[in-house]
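Since the structure comes first, as structure tokens, the remarks are kept for the end.
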Amino acid sequence: MGRYPSREPRYEVYRGVGQPMSGTGSYLVSWSGGKDSCFACHQARKQGMKISRLVHFDRPFNLHGVGPELIACQAEMAGIPLINRKVANKDFEREFKDTVSELKKSDTIHGMVFGDIYLEPHREWIERVCGELGIEAVLPLWGMRTERIAHDFLGQGFDAVVVSGREQDINREWIGRRLDRSFLEYLHTHGLDPCGENGEYHTFVVAGPLFTGKIEIAGSKAVQRDGHWLLNIGDYAVSVDAKQGEVMLDIS
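In terms of my numbering, the sequence shown is numbered consecutively and its last residue is 566.
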């Protein structure tokens, strides 16, 4: 169980490797489709960082429970190009390094943004790998209280669906429901981390200030797998903000 950080509630960019770089370079975002990577991207943009790519690694057992086509919908709504890589867990670090190295050949990449909050082994891995790649490790949420992050995520207008939960922690009834204050109260009552930083649950972001539209999940089913509840999403629709010219795409 990780410790709960107590940094004051100001979203300042934690730079794990090197110093802020000068020039017109851009930043990548390690993108899962869930609330933490999305909120980290949003905070980095608010700090003035230019985001050039969302980088998503599709692993064999994806606890975020969504397919690459839904990740692509998010990227399109955000107006940020997506790099999607299918990778085995044992090859993750090599594929991660190869992907970033390839992107550095065609663009001036200053760093990469991550949504990690307080798990030290994760930060240590990120800092080591980014250091070897010669880029900054940027963690906008690092050290913040997870309760504050969860409430700010909702308060700033984001909308997410609970797409997976560890069976021992999360009841089936919550799978497929919105991340809202009643769910946060459930987590609090059961002594669970508000952001699910210890793997208690995962989300998929369907709307918010980072996007120009919204994903509506029309058909889904909760299934059990390896000690987790996962949301199997069938039908969904993507609506684009009318200010951009309204479009409705139905997927079934």
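Ideal Cβ positions, reconstructed from N, Cα and C, are used throughout, including at glycine.
Below 8 Å on the Cβ atoms is my guess for residue i versus residue j; work out the distance and round it to an integer in Å.
| i | j | result |
| --- | --- | --- |
| Phe518 | Gly348 | 6 Å |
| Cys352 | Phe472 | 7 Å |
| Lys411 | Leu447 | 6 Å |
| Ser534 | Gly522 | At roughly 20 Å, the Cβ-Cβ gap does not stay under 8 Å, so Ser534 and Gly522 are not in contact. |
| Gly425 | Val452 | 5 Å |
Does the distance from the C-beta atom of residue i to that of residue j stay below 8 Å?
| i | j | result |
| --- | --- | --- |
| Glu461 | Pro508 | yes |
| Ile531 | Val475 | yes |
| Ile529 | Val552 | yes |
| Glu438 | Cys444 | no |
| Asp483 | Glu514 | yes |
| Leu417 | Ala464 | no |
| Ile397 | Thr413 | yes |
| Phe371 | Glu409 | yes |
| Gly527 | Arg480 | no |
Report all residues from its chain with a CB closer than 8 Å to the CB of residue i; omit the five preceding and five following residues, and keep chain order.
| i | result |
| --- | --- |
| Ala536 | Arg486, Ile489, Gly490, Trp543, Leu544, Leu545, Asn546 |
| Ser336 | In this prediction, Ser336 has a pLDDT of 46, which is less than 50 and means its spatial position is unreliable; nothing more can be read from the coordinates. |
| Val520 | Asp473, Ala474, Val475, Lys528, Ile529, Glu530, Ile531 |
| Arg399 | Val369, His370, Phe371, Asp372, Glu409, Thr413 |
Beta-carbon within less than 6 Å of residue i's beta-carbon, same chain only, minus the 5 sequence neighbours each way: which residues are those?
| i | result |
| --- | --- |
| Gly469 | none |
| Ile394 | Ile365, Leu368 |
| Met363 | Tyr341 |
| His502 | none |
| Ala392 | Leu524, Phe525 |
| Ile440 | Phe428, Ala451 |
Determine the extent of the beta strand (DSSP E) in which residue i is found, giving its start and end residues.
| i | result |
| --- | --- |
| Gly527 | 527-531 |
| Gly348 | Premise fails: Gly348 is in no beta strand (DSSP E) and is neither H nor E. |
| Phe428 | Note, Phe428: premise wrong, no beta strand (DSSP E); not H, not E. |
| Leu545 | 542-547 |
| Thr422 | Segment: none, Thr422 is in no beta strand (DSSP E) and carries neither H nor E. |
| His504 | Neither: His504 is in no beta strand (DSSP E) and is coded neither H nor E. |
For chain D, find out if any of its Cβ atoms is closer than 8 Å to the Cβ of residue i; answer yes or no.
| i | result |
| --- | --- |
| Glu383 | Considering every chain present, this structure includes no chain D. It has just one protein chain. |
For residue i, I'd like the list of residues in its chain whose CB is within less than 7 Å of its CB, leaving aside the five on either flank, ordered along the chain.
| i | result |
| --- | --- |
| Met562 | With a pLDDT of only 36 at Met562, under 50, the local geometry of the prediction cannot be trusted, and the value read off the model is given with reservation. Excluding sequence neighbours, Met562 sits near Ala551, Ser553. |
Quick one: which unbroken beta strand (DSSP E) runs of 3-plus residues sit fully inside the segment 444-502? Chain order, please. 450-453, 473-480
In chain order, which continuous runs of the beta strand (DSSP E) of length 3 or greater are located wholly inside the segment 355-420? 365-372, 396-400
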